[in-house]
């Protein structure tokens, strides 16, 4: 039956391909749009009809990392665009330059926020995955009284709305001086990702046959050696997938970062929207900041493609 | 395993001396995680439980005064809070329904011989991996009434997506649908590909119509996995904060999490917001319970 294809089937298949193409187009247009806006000159970012073909430039990125883009005063766009990017200027009523420091370029806050995001996401991922792997092994290989209840408890910590946890955490952090520190956010993200990492890793470790370790034990390995030399190498794919998921979650997190940091340890997600501010937003700069921020996640999504389903279902559904 | 048995039978043997016991390793591996989660998730909640019975405000130095159940009474009788709950319910229903229709539809389309299926699936998955805050931000650009590409593409002229209080919630839900339909699609695809082919062949031999095949074979077999997707998305939509907060500041889009944030960190009603957080918490735990129940059901299959 499989080899024969009726006309009807061929038709349905073509219709399906057309449907998929339409869906793909709709899903990708917003992403294309933010990417293309990041490379546009400012005057082409908000045109009607939208500009699709243009000469890409890097001026949005230059503005992103320098101070000039941070001007809050409403500025007439012609004056803004006419001035060279390295000049720091203060405008009066949006029409006239009051003060111009030729040749002065300061760094904007973006670079620092980006580095903060990296430090916090990487550290918390490392902690969550290493602790999670050990715990997953414990639950997978040993008898634990009330195992299901413990696993539910672990999962339930992940389900709490961030703002609910943030209220007491904010008070406690203020008390011990962890407010607006890297460590403070690292702890929160580790706690947040830990439950996920335990659930996902348990699925991966359950799949490694016990016989491997038992053979090693018979050969004279201790349990610890068997874990580090047999189980860990076998679980490497799972560990990598879990790490990427944790990284993405920490990287993208907004609510905790908004509440728990304001300058020193602020990450990129609360920073980028705050740049819209009042006055005329320069969408090319916002797009540039967004593009740089989304780029690592896009790359990771491709690396992770075979594990997406599993990660998204907390390890319950395997493929 | 064998070694631990030997170790127990003969405590003086070499096996017993070598390395840590299984019990010690188990505790060493599990206890730090449990402790960590209790200290940083459960303890804070207990801490705020205390505050929920007071009129404490974190912005002042005034000592907290015990007010008993007043905060809870006030919140449950406050019509504005109920409006936040209604808005959230509406938002959850619109966005989850939208995601199920679009996501399941895409899965049905993809569950055929489509060239480059792997690449297409991965590309479709991209939106849900992005930061919700940043997605909200750039959809603001797309929704812009005068130069947004959505109005241009749909020929809507100067349609106000976010400034019109009646439309704003739909606009936020639409963005959520764009972002999370792929999630429903991913789970549905897993469900669809697990339906045994011979069932379809048998249906074909029996000359069953395609509608009959769909309602009697496809749907029942995909239902449990679809249910997981629905519960999970419901829970996440219920918690929505980032995207809605950035996209719209209309009172008609003030979801529970946004109200909670404002109450706690803009109005500094710490005691009252702690009580509110507890009400939300109980609801989330109820949904989580459901979720885990279904998760275990699917796992057992």
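Chains as they are written, first to last, in the numbering used here: chain R, 466 to 784; chain D, 738 to 1038.
Glycine included, every Cβ here is placed at the ideal spot set by N, Cα and C.
According to DSSP, is residue i helix, strand or coil?
i                     : result
residue 773 (chain R) : helix
residue 514 (chain R) : coil
residue 803 (chain D) : strand
residue 726 (chain R) : coil
residue 977 (chain D) : coil
residue 572 (chain R) : strand
residue 520 (chain R) : coil
residue 655 (chain R) : helix
residue 536 (chain R) : Model confidence at residue 536 (chain R) stands at a pLDDT of 49, short of 50, so the residue's coordinates are unreliable and nothing is read from them.
residue 859 (chain D) : helix
residue 646 (chain R) : coil
residue 471 (chain R) : coil
residue 834 (chain D) : helix
residue 791 (chain D) : strand
residue 772 (chain D) : helix
residue 687 (chain R) : coil
residue 531 (chain R) : strand
residue 986 (chain D) : coil
residue 797 (chain D) : coil
residue 484 (chain R) : helix
residue 749 (chain D) : With a pLDDT of 49 at residue 749 (chain D), under the threshold of 50, the modelled position of that residue is not reliable, and the figure given next carries that caveat. Coil.
Can you name the residues of chain R whose CB is closer than 7 Å to the CB of residue i?
i                      : result
residue 972 (chain D)  : 624
residue 908 (chain D)  : Chain R residues near residue 908 (chain D): none, gap ~13 Å exceeds 7 Å.
residue 866 (chain D)  : 713, 762 and 766
residue 1029 (chain D) : 617 and 620
Quick one: does the C-beta of residue i sit closer than 7 Å to a heavy atom of the ligand HEM?
i                     : result
residue 953 (chain D) : This structure lacks the ligand HEM, and indeed carries no ligand of any kind.
Can you list the residues of chain R that residue i reaches, using a CB-CB cut of under 8 Å?
i                      : result
residue 955 (chain D)  : Residues of chain R passing the Cβ test: none, with the nearest at roughly 15 Å.
residue 850 (chain D)  : 478
residue 812 (chain D)  : Ordered by position in chain R, no residue passes the 8 Å Cβ test against residue 812 (chain D), which lies about 14 Å from the chain.
residue 800 (chain D)  : The premise fails here: residue 800 (chain D) is roughly 14 Å from chain R at the closest Cβ pair, so nothing lies under 8 Å.
residue 1007 (chain D) : 632 and 636
Which whole-angstrom value describes the C-beta separation of residue i and residue j, a residue pair presumed to lie in contact below a C-beta threshold of 8 Å?
i                      : j                     : result
residue 761 (chain R)  : residue 879 (chain D) : Not quite, the Cβ-Cβ distance comes to about 22 Å (not below 8 Å), so this is no contact.
residue 919 (chain D)  : residue 865 (chain D) : 5 Å
residue 502 (chain R)  : residue 748 (chain R) : 6 Å
residue 634 (chain R)  : residue 781 (chain D) : 5 Å
residue 615 (chain R)  : residue 780 (chain R) : Wrong, their Cβ atoms sit about 16 Å apart, outside the cutoff.
residue 713 (chain R)  : residue 756 (chain R) : At roughly 16 Å, the Cβ-Cβ gap does not stay under 8 Å, so residue 713 (chain R) and residue 756 (chain R) are not in contact.
residue 645 (chain R)  : residue 727 (chain R) : 6 Å
residue 506 (chain R)  : residue 889 (chain D) : About 19 Å separates the two Cβ atoms, so there is no contact after all.
residue 1015 (chain D) : residue 789 (chain D) : 6 Å
Given that residue i touches chain D, what residues does it touch there, using C-beta distances under 8 Å?
i                     : result
residue 779 (chain R) : 1032
residue 450 (chain R) : This structure does not reach residue 450 (chain R), given that chain R is present from 466 up to 784, and the question cannot be answered.
residue 656 (chain R) : 773, 774, 777 and 778
residue 602 (chain R) : 766
residue 770 (chain R) : 855, 858, 859 and 862
Measuring alpha carbon to alpha carbon, tell me which of the options ends up nearest residue i.
i                     : options                          : result
residue 959 (chain D) : D:820, D:850 and D:922           : D:922
residue 693 (chain R) : R:754, R:664, R:599 and R:776    : R:599
residue 913 (chain D) : D:823, D:976 and D:808           : D:976
residue 858 (chain D) : R:644, R:493 and R:756           : R:493
residue 518 (chain R) : R:524, R:697, R:497 and R:726    : R:497
residue 810 (chain D) : D:861, D:1012 and D:1026         : D:1012
residue 499 (chain R) : D:791, D:876 and D:1021          : D:876
residue 840 (chain D) : D:815, D:862 and D:893           : D:862
residue 901 (chain D) : D:772, D:882, D:871 and D:1024   : D:882
residue 980 (chain D) : D:937, D:917, D:1024 and D:1027  : D:917
residue 812 (chain D) : D:766, D:1000, D:1021 and D:1030 : D:1000
What in chain R is Cβ-close to residue i, meaning under 9 Å?
i                      : result
residue 795 (chain D)  : 632, 635, 636 and 639
residue 1002 (chain D) : 628, 631, 632, 635, 723 and 724
Could you work out which residues of chain D lie near residue i, taking near to mean beta carbons separated by less than 9 Å?
i                     : result
residue 720 (chain R) : 870, 978, 979, 982, 994 and 998
residue 518 (chain R) : Those within 9 Å of residue 518 (chain R) in chain D number zero; the least Cβ separation is about 14 Å.
residue 689 (chain R) : 756, 757 and 762
Would you mind telling me which residues of chain D sit closer than 7 Å to residue i, beta carbon to beta carbon, in chain order?
i                     : result
residue 725 (chain R) : Chain D residues near residue 725 (chain R): none, gap ~10 Å exceeds 7 Å.
* Which of the residues in the region 479–490 of chain R, read from start to end, lie with their CB under 8 Å from any CB of chain C? -> Given the protein chain composition of this structure (R and D), no chain C is represented.
* Evaluate contact between the region 853–863 of chain D and the region 961–972 of chain D, counting only Cβ atoms and requiring at least three cross-stretch pairs below 8 Å. => no
* Just checking, does the region 987–997 of chain D make contact with the region 892–905 of chain D on the three C-beta pairs under 8 Å criterion? -> yes
* **Stretch pair the region 655–664 of chain R + the region 577–592 of chain R: three plus CB contacts closer than 8 Å** => These segments touch.
* Using 8 Å as the Cβ pair cut-off and three pairs as the minimum, do the region 834–850 of chain D and the region 480–499 of chain R touch? -> Because the criterion of three Cβ pairs below 8 Å is met, the region 834–850 of chain D and the region 480–499 of chain R touch.
* Do the region 610–618 of chain R and the region 643–651 of chain R meet, that is, are 3 or more Cβ pairs less than 8 Å apart? -> no
* Asked: Can you find at least 3 beta carbon pairs, one from the region 936–950 of chain D and one from the region 998–1011 of chain D, that sit closer than 8 Å?
  -> These segments do not touch.
* Is the region 928–939 of chain D touching the region 991–1007 of chain D in the sense that three or more CB pairs, one from each, lie closer than 8 Å? -> no
* **At least 3 beta-carbon pairs within less than 8 Å: the region 732–740 of chain R vs the region 754–769 of chain D** => no
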